[in-house]
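Going by UniProt numbering, 338 is the number at position 338 of the sequence shown; the sequence numbering is gapless.
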Amino acid sequence: MPLQLLSSGSNAHGQLGHSQNEDSNTFIPCNFLGIPKGELPAGAVGISQVATGANHSVVLLNFSPLDGQAEPYTELWGCGDGRAGQLGEWYKKGVHLNSKPTRTDVFRKLQFPLKEYDLENYQCKLVAAGWETTYLVLSPSSNVRSGSRGDIVISMGSDDWGDLGIGPAKPQPERSKTAMTYTPSHLNVVSFDSILIDGSPLSSQGLLKVDSLAANQHHVLAHLRAEGPERNGCVVGWGAARHGQISPPATASPPSAVPSKRPSVFDTPRFICVEDPDDPFVKCAVGSQHSALLKASRTLICLGSNRKGQLNVLGSSRTRTVDCTWNGTFTSTFDEEKGYGMRATGSNTHGQLGSGSLELSAQESADGVRPVFPERLRQSKLSKLACGTEHVLTLWETPDSHREVWAWGWNEHGNLGLGTTQDAHSPVRIPISTGVRDVWAGSGTSWIVCDTGSPIVGLE
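Structure (structure tokens):
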């Protein structure tokens, strides 16, 4: 069945792709330039990722092989504000520097000069976004992988806090409607040549593979691995660093400690921790000033600021995944007797911990709380946890194979899609009855991909 992408929330620059610039407190189908309204581009069979910054959005679409092609391919589409170069030079020139008024409120296929960088046989496999920066992981197609450079990380856009990862950060001039911000290059290749494992450069140990990339306001984590005999891996980071969010765990402050004086910025990738091949990292997540790393053993490593109690979370054998709001950390858990559940810790000023109350006891502040879901979900599977700025979406699969989306937290822009702008202090079911495939949460925005024509039903 054909798919559609729905979005809700903040929309001052058309970043929802609704063909208008008003905030939306309900989920509305996104539009793609030159494509019938509400439909995905022809041939698209799925959406791998949605990534959003302050006022821009990018979606990574999957396509089946074309005639004569041996493998599937991807396309990157974007909308919203591109004045800092966060959607590429082609978008900035074609949309913001165009002498004719050009819309930012519809998704456009993004064009990049890959041939100029000897990357014409690469495809985008991962995407992430910071405040006004976008990151792409490009991977060589299978027919040119031998002798290639392995995966490549590209950064585009603002560089206020070393966001681009390419060297000394340059402050951005004041933006206006006509003056564009400084863009260092059309595409900036992030180098990992300085990353050492056991005294040897990671790049010398085999082709580089980027397993995951996570970004928030102004810092980035990348999970890297060398495809050599040892398959050595590590996590690196760059960008804003004052709170220890990209510091090695041994030097990160204990949760109760006042942060010591650290560099405010690391403008090139720095080593955070090495990966145990027998206990690899399975998820990296970032908040505004903190980071979380989950290992296969369910050990959780938390770094950075604990000013809001966002580090007061521990991994256990029941932990399945982790994600972060700006000032909170959320884990999903599974227990044979109790089923799937969650643990949340950090800021609760908008009810984003989902406990049903803004007030927390001293013990709840220290140990975290459990979002309150209806009893009937006890037998359902929690298949996706997605954290936005200060709101959360979860995707559940019921015993009869139906999928439901439940959301809560900050809702100033209608980003929960509940038809109001009131915060939700406990999980509320999103009114889409059938056909949900995936969910994402962004910067004051929420996103759902579902079957075309999935009906909107009453709120639960």
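For every residue, glycine included, the Cβ atom is placed at its ideal position computed from N, Cα and C. Nothing here was measured: the structure is a model prediction, and the numbers come from that model.
Distance, residue j Cα to residue i Cα
i: ILE197; j: CYS302; result: 21 Å
i: PRO255; j: GLY328; result: Since pLDDT at PRO255 reaches only 46, below the 50 mark, its modelled position is unreliable, and no value is offered.
i: PHE192; j: ILE432; result: 43 Å
i: ALA296; j: ASN121; result: 33 Å
i: LEU395; j: SER317; result: 22 Å
i: ALA226; j: SER212; result: 13 Å
i: LEU119; j: VAL235; result: 24 Å
i: GLY80; j: ALA366; result: 39 Å
i: THR102; j: ARG270; result: 40 Å
i: GLY315; j: GLY130; result: 26 Å
i: LYS381; j: GLU390; result: 24 Å
i: VAL220; j: LEU293; result: 13 Å
i: ASN11; j: LYS100; result: 22 Å
i: GLU397; j: GLU375; result: 14 Å
i: GLN86; j: SER357; result: 38 Å
i: LEU393; j: SER361; result: 25 Å
i: SER264; j: VAL322; result: 26 Å
i: GLU337; j: ARG378; result: 10 Å
i: PRO279; j: HIS223; result: Checking the sequence shown, residue 279 turns out to be Asp, not Pro. Spanning the two alpha carbons is a distance of roughly 14 Å.
i: GLU460; j: VAL210; result: With a pLDDT of only 47 at GLU460, under the threshold of 50, the placement of this residue in the model should not be trusted; the figure read from the coordinates follows. If I take the Cα positions, the gap works out to 41 Å.
i: VAL436; j: GLY414; result: 20 Å
i: PHE17; j: GLN205; result: Note that residue 17 is Gly in the sequence shown here, rather than Phe. Rounded to the nearest angstrom, the two C-alpha atoms are 43 Å apart.
i: LEU207; j: TYR117; result: 18 Å
i: SER403; j: PRO41; result: Note on residue identity: the sequence assigns Arg, not Ser, to residue 403. Taking the straight line joining both Cα atoms gives about 24 Å.
i: THR268; j: ALA128; result: 17 Å
i: GLN49; j: VAL59; result: 6 Å
i: LEU126; j: ARG370; result: 31 Å
i: THR452; j: LEU6; result: 10 Å
Reference residue i; option with closest CA among the options
i: ALA241; options: ARG262, ASN232 and ALA366; result: ARG262
i: GLU186; options: ILE47, VAL313, GLU275 and LYS92; result: Residue 186 is actually His in this sequence, not Glu. Of ILE47, VAL313, GLU275 and LYS92, the residue nearest in Cα terms is LYS92.
i: THR26; options: ILE430, TRP440, VAL436 and VAL439; result: ILE430
i: ILE448; options: LEU114, MET1, CYS30 and PRO65; result: CYS30
i: PHE266; options: VAL274, ASP278 and HIS243; result: HIS243
i: GLY53; options: PRO399, GLY82 and LEU5; result: GLY82
i: GLY409; options: HIS350, LEU377 and SER10; result: HIS350
i: THR421; options: PRO2, GLY9, LEU5 and LEU3; result: GLY9
i: TRP326; options: ALA44, ARG307 and ASP335; result: ARG307
i: SER200; options: HIS13, GLU230 and LEU353; result: GLU230
i: GLY442; options: HIS56, GLN4 and GLU39; result: HIS56
i: TRP406; options: GLN245, GLN217, GLY341 and GLN20; result: GLY341
i: GLU22; options: VAL106, ILE152, GLY165 and HIS223; result: VAL106
i: ARG320; options: PHE281, SER347 and ASN348; result: PHE281
i: GLN111; options: VAL137, LEU126, TRP77 and ALA128; result: TRP77
i: SER426; options: HIS218, SER355 and GLU404; result: SER355
i: LEU164; options: GLN20, THR133, ARG149 and PRO65; result: THR133
i: GLN352; options: GLN289, VAL428 and GLN363; result: VAL428
C-beta atoms of residue i and residue j nearer than 8 Å
i: TYR135; j: SER158; result: no
i: GLY368; j: THR333; result: no
i: GLY237; j: ILE195; result: no
i: ARG108; j: LEU33; result: yes
i: SER446; j: LEU418; result: no
i: GLY309; j: SER291; result: no
i: ILE28; j: ASP438; result: no
i: VAL313; j: THR299; result: no
i: GLY43; j: PHE63; result: yes
i: GLN123; j: SER142; result: no
i: CYS284; j: GLN4; result: no
i: VAL286; j: ASN216; result: yes
i: THR104; j: GLY14; result: yes
i: VAL189; j: ILE246; result: no
i: TRP161; j: GLY94; result: no
Delimiting residues of the alpha helix (DSSP H) encompassing residue i
i: ALA362; result: 362 to 367
N-terminal and C-terminal residue of the beta strand (DSSP E) that residue i is part of
i: LEU208; result: 208 to 215
i: SER446; result: 445 to 451
i: THR319; result: 319 to 325
i: THR420; result: Careful: THR420 lies outside any beta strand (DSSP E) and carries neither H nor E.
i: GLY301; result: It is Ile, not Gly, that sits at residue 301 in the sequence shown. 300 to 304 is the span of the beta strand (DSSP E), which, as asked, contains ILE301.
i: GLY233; result: 233 to 240
i: ASP267; result: 265 to 274
i: ASN188; result: 188 to 190
i: ILE246; result: Looking at the DSSP string, ILE246 is not in any beta strand (DSSP E), and its letter there is neither H nor E.
i: GLN4; result: 3 to 9
i: SER139; result: 133 to 140
i: ASP198; result: Careful: ASP198 lies outside any beta strand (DSSP E) and carries neither H nor E.
i: VAL127; result: 122 to 129
i: PHE112; result: Looking at the DSSP string, PHE112 is not in any beta strand (DSSP E), and its letter there is neither H nor E.
i: GLY328; result: 328 to 335
Chain C within 8 Å of residue i, Cβ atoms only
i: PRO140; result: As a matter of chain content, chain C is missing from the structure shown, which is built from one protein chain.
**Asked** Can you list the alpha helix (DSSP H) stretches of 4 or more residues lying completely in the UniProt repeat "RCC1" (340 to 398), in chain order?
**Response** Whole alpha helix (DSSP H) segments, 4+ residues: 362 to 367.
**Item:** beta strand (DSSP E) runs wholly inside the region 13 to 85, at least 3 long, in chain order
**Value:** Counting whole runs of 3 or more residues, the region 13 to 85 contains the beta strand (DSSP E) stretches 24 to 29, 44 to 52, 56 to 63 and 73 to 80.
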